[in-house]
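Residues in the sequence shown are numbered from 1 upward in steps of one, following our numbering.
Input: a single structure, listed below in structure tokens.
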Amino acid sequence: MSKIIVAGAGHGGVVAAIKLAENGHDVTIFEKSKEGAIGLPQSDVAEKSAFDYAEISLPEEYETVRNVITFVPQDKALEPLTIPAMEAESILVDRKVLINHLLKLATDKGAKVVYEAEIISPIILGNRVCGIRTADADYYCDLVIDACGAFSPVRSNLPEYMCVNREIQKYDIINTYRGYFNKIPGVPDPETTYNIYLRDNGSVGFSWLVTEKKQVDVLICRFREIEETEILSILQTMHEENPHMGRDLIKCGKYAKIPVCQPLSILVAEGYAAIGDCAFMTVPLKGSGIAYSIKAGRILADCIEADSNGYYNAKNLWEYEKRFFKEIGFPACRMAILKNLLHYMTVEQVNDLFGQNIVTSEEIAKVMNDKLDALLNTKGFATVKDKVRLVRDNPLLKEILTNVAMWMGRFAVIEAGFPSKYDEDDIKKWSSKYNEFFDSIRAE
Ligand SMILES: Cc1cc2nc3c(=O)[nH]c(=O)nc-3n(C[C@H](O)[C@H](O)[C@H](O)COP(=O)(O)OP(=O)(O)OC[C@H]3O[C@@H](n4cnc5c(N)ncnc54)[C@H](O)[C@@H]3O)c2cc1C
Numbered sequence: 001m002s003k004i005i006v007a008g009a010g011h012g013g014v015v016a017a018i019k020l021a022e023n024g025h026d027v028t029i030f031e032k033s034k035e036g037a038i039g040l041p042q043s044d045v046a047e048k049s050a051f052d053y054a055e056i057s058l059p060e061e062y063e064t065v066r067n068v069i070t071f072v073p074q075d076k077a078l079e080p081l082t083i084p085a086m087e088a089e090s091i092l093v094d095r096k097v098l099i100n101h102l103l104k105l106a107t108d109k110g111a112k113v114v115y116e117a118e119i120i121s122p123i124i125l126g127n128r129v130c131g132i133r134t135a136d137a138d139y140y141c142d143l144v145i146d147a148c149g150a151f152s153p154v155r156s157n158l159p160e161y162m163c164v165n166r167e168i169q170k171y172d173i174i175n176t177y178r179g180y181f182n183k184i185p186g187v188p189d190p191e192t193t194y195n196i197y198l199r200d201n202g203s204v205g206f207s208w209l210v211t212e213k214k215q216v217d218v219l220i221c222r223f224r225e226i227e228e229t230e231i232l233s234i235l236q237t238m239h240e241e242n243p244h245m246g247r248d249l250i251k252c253g254k255y256a257k258i259p260v261c262q263p264l265s266i267l268v269a270e271g272y273a274a275i276g277d278c279a280f281m282t283v284p285l286k287g288s289g290i291a292y293s294i295k296a297g298r299i300l301a302d303c304i305e306a307d308s309n310g311y312y313n314a315k316n317l318w319e320y321e322k323r324f325f326k327e328i329g330f331p332a333c334r335m336a337i338l339k340n341l342l343h344y345m346t347v348e349q350v351n352d353l354f355g356q357n358i359v360t361s362e363e364i365a366k367v368m369n370d371k372l373d374a375l376l377n378t379k380g381f382a383t384v385k386d387k388v389r390l391v392r393d394n395p396l397l398k399e400i401l402t403n404v405a406m407w408m409g410r411f412a413v414i415e416a417g418f419p420s421k422y423d424e425d426d427i428k429k430w431s432s433k434y435n436e437f438f439d440s441i442r443a444e
């Protein structure tokens, strides 16, 4: 039996805690929030299959959804583009309901949860992470699972030689405002109920307006800090264009940040593993991270179980990183490359992509369904090359799409060089190449 600390009640960390406590380990979750107060007052969509993958039960209260998304271009002369329904069945679940359900599963298996424990840093002895420091005390353990979110104080205070921490760069994070508004009685719902507004230049951001049975869910995303005046102005436009949307904020009204970039290049160190938003495990085009985190929790727990001597060194934990990248990380990287495209494009170019059918609704559906790899693999680079041919008469768009083809090619070489066996020097070299690649394609 090993002593394992989960730093922060992030979804992936709690899923790992469920599995590890079930296997007899002494697991303690340290969480800064009060009991019952974790998570934003909002509902999230998460792929149902992630729960099967992790072999954990669904919460009691949820709705099953298959969203039909409509992209509304800024140019009103263009038709909105509705993409086919999501292939995978998803659940719409209250965030507090979900995290409390996962925590209950963990405590039922014997894990302990210490609430109101603000973690300040890791404890490092020699070259190993040996525990965590909170505002009140130091806690030692055999392994720290870091599920403290995108701004984890554990990850960001790791020594540089571990090469795990990476400073957040421009466009790695989206700043969000989420609010749920009342519906005006008697005013019919719009024809399309899940609208994504491509309002601004891609480097600025986007918004969505989702019409639910009893409320209107608004999410405003910006790649830079958002001012309240800007939110008010966007909400004003939404009200004017959507007569069914009332002005009463009935839930949330909160600001938060979501990572939308490639995963960390190195997730593990001696006595340490990063998971969830802490390791930037989100779908870069959507910011959804719950399903990835839940799956990663299972992968990590399997790897820890396989380490029968309980060394939890970087070498043994590398198996977690290997399986994560193979199953989730590399496809996510390709989406991060595609997301990067947004920052190079003007509104007019986005309109051209839609208006001239250069990108079809079926292709967007594949990307949104996490099937980008299927799109690229069926014809290799032919797909992107075909697109380049379609934009022959539009030199700027041609240049942008040619870049995407080149980025995908360069990334394929990096993926092929992923160290399958643990060797510290090889891993650090690979990590540098991976980070340099993503730095090199980032727009100014
Ligand atoms: C507005 C918004 C909408 C989203 N919608 C979706 C969606 O629909 N579907 C989806 O899949 N994903 C969605 N996401 C993303 C999703 O929230 C994350 O990807 C997912 O929660 C995984 O993150 P996490 O659990 O690892 O980290 P987090 O959710 O950030 O959890 C980290 C935990 O660590 C705790 N913590 C942080 N610092 C400390 C500290 N110093 N000491 C102790 N505890 C600490 C926090 O209190 C928190 O409980 C959304 C995010 C936002 C902001």
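From the three backbone atoms N, C-alpha and C, an ideal C-beta is built for every residue, glycine too.
If you're wondering where the values come from, they're calculated on a predicted model, not measured in any experiment.
What three-state label does DSSP hand residue i in the structure shown?
| i | result |
| --- | --- |
| Gly10 | coil |
| Asn165 | coil |
| Asp172 | coil |
| Gln388 | Reading off the sequence shown, one finds Val at residue 388, where the question assumed Gln. Note: Val388 maps to helix in three-state DSSP. |
| Thr446 | The structure shown does not extend to residue 446, since the chain is modelled only from 1 through 444, so no value can be given for it. |
| Tyr292 | helix |
| Ile18 | helix |
| Ile145 | strand |
| Tyr434 | helix |
| Thr193 | coil |
| Ala274 | strand |
| Cys413 | The sequence shown places Val at residue 413, rather than the Cys named in the question. Helix, per DSSP. |
| Ala279 | helix |
| Asp423 | coil |
| Asn394 | coil |
| Ser152 | coil |
| Lys379 | Note that Lys379 scores 46 on pLDDT, short of 50, meaning its location in the model is unreliable; the coordinates nonetheless yield the value given after this. Looking at Lys379 - three-state DSSP - the assignment turns out to be helix. |
| Asn127 | coil |
| Lys286 | coil |
I believe residue i touches residue j by the beta-carbon criterion, under 8 angstroms. Please report the beta-carbon distance rounded to the nearest angstrom.
| i | j | result |
| --- | --- | --- |
| Ile91 | Ile69 | That belief does not hold up - the Cβ atoms of Ile91 and Ile69 are roughly 17 angstroms apart, past 8 angstroms. |
| Ile477 | Leu20 | Nothing about residue 477 can be reported from this structure: the residues present for the chain run from 1 to 444 only. |
| Gly297 | Ile258 | Contact flag wrong, Cβ pair sits at about 19 angstroms. |
| Val216 | Lys183 | 6 angstroms |
| Cys130 | Gly39 | The Cβ separation is near 30 angstroms, so there is no contact. |
| Gly12 | Glu31 | About 14 angstroms separates the two Cβ atoms, so there is no contact after all. |
| Ile358 | Trp407 | Actually they do not touch by this definition, with Cβ atoms about 18 angstroms apart. |
| Val187 | Ile5 | The Cβ separation is near 52 angstroms, so there is no contact. |
| Cys278 | Ala147 | 6 angstroms |
| Val164 | Ile266 | 5 angstroms |
| Ala111 | Ile56 | Rounded, the Cβ-Cβ distance is 13 angstroms, inconsistent with contact. |
| Val388 | Leu401 | 5 angstroms |
| Val404 | Lys339 | Rounded, the Cβ-Cβ distance is 11 angstroms, inconsistent with contact. |
| Asp142 | Tyr312 | 6 angstroms |
| Ile275 | Ala17 | In fact, because the Cβ distance is near 11 angstroms, the residues do not count as touching under 8 angstroms. |
| Ala314 | Val268 | 5 angstroms |
| Ile123 | Ile132 | 6 angstroms |
Which partner residues does residue i have in the DSSP bridge list?
| i | result |
| --- | --- |
| Ile132 | Pro122 and Tyr139 |
| Gly493 | Residue 493 lies beyond the residue range present for the chain, which begins at 1 and ends at 444; the question has no answer from this structure. |
| Leu198 | Pro73 |
| Tyr180 | Asp217 and Lys251 |
| Lys3 | Asp26 |
| Val268 | Ala273 |
| Val210 | Tyr194 and Asp217 |
If we define contact as Cβ-Cβ less than 7 angstroms, is residue i a contact residue for chain D?
| i | result |
| --- | --- |
| Val68 | As a matter of chain content, chain D is missing from the structure shown, which is built from one protein chain. |
Please find out if some non-hydrogen atom of ligand 2 comes closer than 6 angstroms to the beta-carbon of residue i.
| i | result |
| --- | --- |
| Ala301 | No copy of ligand 2 occurs in the structure displayed; its ligands are ligand 1 alone. |
### Query
Which ranges does the beta strand (DSSP E) cover as unbroken runs of at least 3 residues, wholly within the stretch 33 to 118, from first to last along the chain?
List check, beta strand (DSSP E) in window: 43 to 47, 63 to 65, 70 to 73, 90 to 94 and 112 to 114.
### Query
What alpha helix (DSSP H) runs, 4 residues minimum, are completely inside the stretch 295 to 365?
Look at the stretch 295 to 365 and you find these whole runs of alpha helix (DSSP H), each 4 residues long or longer: 314 to 324, 330 to 342 and 347 to 355.
### Query
At what residue ranges does the stretch 225 to 263 contain a whole run of the beta strand (DSSP E), taking only runs of 3 or more?
Scanning the stretch 225 to 263 from its first residue to its last, the whole beta strand (DSSP E) runs of 3-plus residues come out as 245 to 259.
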